[in-house]
Amino acid sequence: MLTIYPPREELADLLVTGPFADALRVAIQVRGLSLERLQHRLKVRGAPISVTALSYWQSGRRRPERPESLMALTQLEDVLGLPEAALSRLLGPPRPRGRSRRREPSARAAWDGSGLVLTAQHDRVDVAPCGGVRGVRSRQVMQARATDVDRWILCHETGSARGTALPALTAVRSCRVGRIARERTNGVLVAELLFDEPISAGESVALEYELIYPHPTVEHTHFRRFPERVHDYVLEIKFPAESLPASCEQFASGPAGTEMFGGARPAPVDSWGYAHAAALDFGPGLYGMRWTAAAKASGSSSQGA
Numbered sequence: 001m002l003t004i005y006p007p008r009e010e011l012a013d014l015l016v017t018g019p020f021a022d023a024l025r026v027a028i029q030v031r032g033l034s035l036e037r038l039q040h041r042l043k044v045r046g047a048p049i050s051v052t053a054l055s056y057w058q059s060g061r062r063r064p065e066r067p068e069s070l071m072a073l074t075q076l077e078d079v080l081g082l083p084e085a086a087l088s089r090l091l092g093p094p095r096p097r098g099r100s101r102r103r104e105p106s107a108r109a110a111w112d113g114s115g116l117v118l119t120a121q122h123d124r125v126d127v128a129p130c131g132g133v134r135g136v137r138s139r140q141v142m143q144a145r146a147t148d149v150d151r152w153i154l155c156h157e158t159g160s161a162r163g164t165a166l167p168a169l170t171a172v173r174s175c176r177v178g179r180i181a182r183e184r185t186n187g188v189l190v191a192e193l194l195f196d197e198p199i200s201a202g203e204s205v206a207l208e209y210e211l212i213y214p215h216p217t218v219e220h221t222h223f224r225r226f227p228e229r230v231h232d233y234v235l236e237i238k239f240p241a242e243s244l245p246a247s248c249e250q251f252a253s254g255p256a257g258t259e260m261f262g263g264a265r266p267a268p269v270d271s272w273g274y275a276h277a278a279a280l281d282f283g284p285g286l287y288g289m290r291w292t293a294a295a296k297a298s299g300s301s302s303q304g305a
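What the sequence shown shows, in the UniProt record's numbering, is residues 1 to 305, in sequence order.
As structure tokens, then:
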């Protein structure tokens with residue numbers, strides 16, 4: 001049964017997944033300020049911006065790109081009570097101007113069409129003492145929808161701030177790493193995982209790979225975006241025994257990011273330091289877990305992912 005996201009929970013997810021316009025719109029809703037009040041507070045802070053511009057930003061018709069707009073966005077984040085760069089990191093690279101202005105296809109779009117359907121996924125996430133993610137080991141089972149399918153296109157979203165390092169990819173079982181594209185501005189890693197042998201329509205393949213970050217991530221979350229229904233998804237989070245989280249929960253949303261499948265629910269951590277969530281016949285949508293680091297660890301997080 002679908003239930004509506006409470007605004008604060010919706011905002012927490014949108015600040016990780018974007019898009020910018022939706023995150024800004026919900027942040028304004030949570031803060032409870034009109035656009036006129038926001039404009040006034042920004043003007044007092046020396047960052048004048050029109051109500052029309054604010055309206056365009058939250059509707060997605062335009063986005064802040066000029067230096068003065070980006071400065072105003074920094075002040076806007078503070079007025080809305082958001083962490084530093086919470087909104088600006090969702091912008092991605094500047095868009096080209098003039099007649100040649102066109103939306104560039106992502107590496108994922110350029111390589112898509114692998115002829116496979118994902119049937120099962122199992123992620124195990126290793127968390128550092130600071131609460132950030134150190135690495136992810138994934139097992140996937142896929143079925144071919146065409147003949148002579150020899151690769152899977154991996155698209156890994158980190159939700160990380162612009163300019164930070166993306167994880168290193170290693171093939172663990174039944175595949176090898178092919179071409180890699182790193183969309184650093186969006187925190188996305190796209191890569192080919194090449195099979196040992198091509199498979200035909202109706203046949204399946206099981207493979208395993210690992211992503212290791214050079215430094216723990218700032219974000220205390222892991223999620224998967226499923227464009228189609230997946231039969232079986234299991235997510236395990238492994239916390240250090242000496243740094244168990246203050247809280248941990250699982251969450252899920254529909255394609256638009258505003259509806260929940262069952263809502264956010266607590267995810268208990270067992271005596272071994274594991275928390276897990278499982279979804280059957282899920283999607284399309286987003287499914288994941290998020291946690292809050294214990295107070296003693298919250299200040300030690302380092303970013304590089």
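We put the CB at the ideal spot given by N, CA and C, even for glycine.
- Taking one beta carbon from each stretch, the stretch 201-208 and the stretch 234-241 have fewer than 3 pairs nearer than 8 Å; the two do not touch.
- Collapsing the DSSP output to three states places aspartate 123 in a strand.
- Apart from the 5 residues on each side of it in sequence, arginine 225 sits with its Cβ closer than 7 Å to the Cβ of Glu157 and Leu286 in its chain, given in chain order.
- When DSSP reads this structure, phenylalanine 226 sits in a beta bridge with Gly285.
- Counting C-beta pairs closer than 8 Å gives three or more between the stretch 17-35 and the stretch 48-67, which meets the contact rule.
- Under the three-state reduction of DSSP, histidine 156 is assigned to strand.
- Annotated three-state conformation of aspartate 270 is coil, per DSSP.
- Here DSSP, grouped into helix, strand and coil, assigns valine 218 to coil.
- Under the three-state reduction of DSSP output, proline 198 falls in the strand class.
- Annotated three-state conformation of alanine 168 is strand, per DSSP.
- Tyrosine 56 sits in a helix when the DSSP states are folded into three classes.
- Membership of serine 138 in any alpha helix (DSSP H) is not indicated; the residue belongs instead to the beta strand (DSSP E) covering 133-144.
- With 16 or more neighbouring CB atoms inside 10 Å of its own CB, tryptophan 291 falls in the buried class.
- Short of 6 Å from the beta carbon of alanine 86, and not among the five residues preceding or following it, lie these beta carbons of its own chain, in chain order: Leu15 and Glu77.
- In this structure valine 79 does not touch leucine 118 by the C-beta definition: roughly 41 Å separates them, more than the 8 Å allowed.
- For histidine 276, the beta-bridge partners assigned by DSSP are Glu236.
- In this model, alanine 252 and glycine 132 are separated by some 20 Å (Cα to Cα).
- Of the other Cβ atoms in all chains shown, 16 or more fall within 10 Å of the Cβ of alanine 275; this residue is therefore buried.
- Excluding residues up to 5 positions away in sequence, Glu249 and Gln250 lie with their Cβ nearer than 7 Å to the Cβ of arginine 265 in the same chain.
- Of Arg45, Leu11 and Arg41, the smallest CA-CA separation from valine 30 is found for Leu11.
- Taking 7 Å as the cut-off, the Cβ atoms of proline 268 and isoleucine 212 do not count as close.
- For glutamate 68, the uninterrupted alpha helix (DSSP H) run begins and ends at 67-79, by DSSP.
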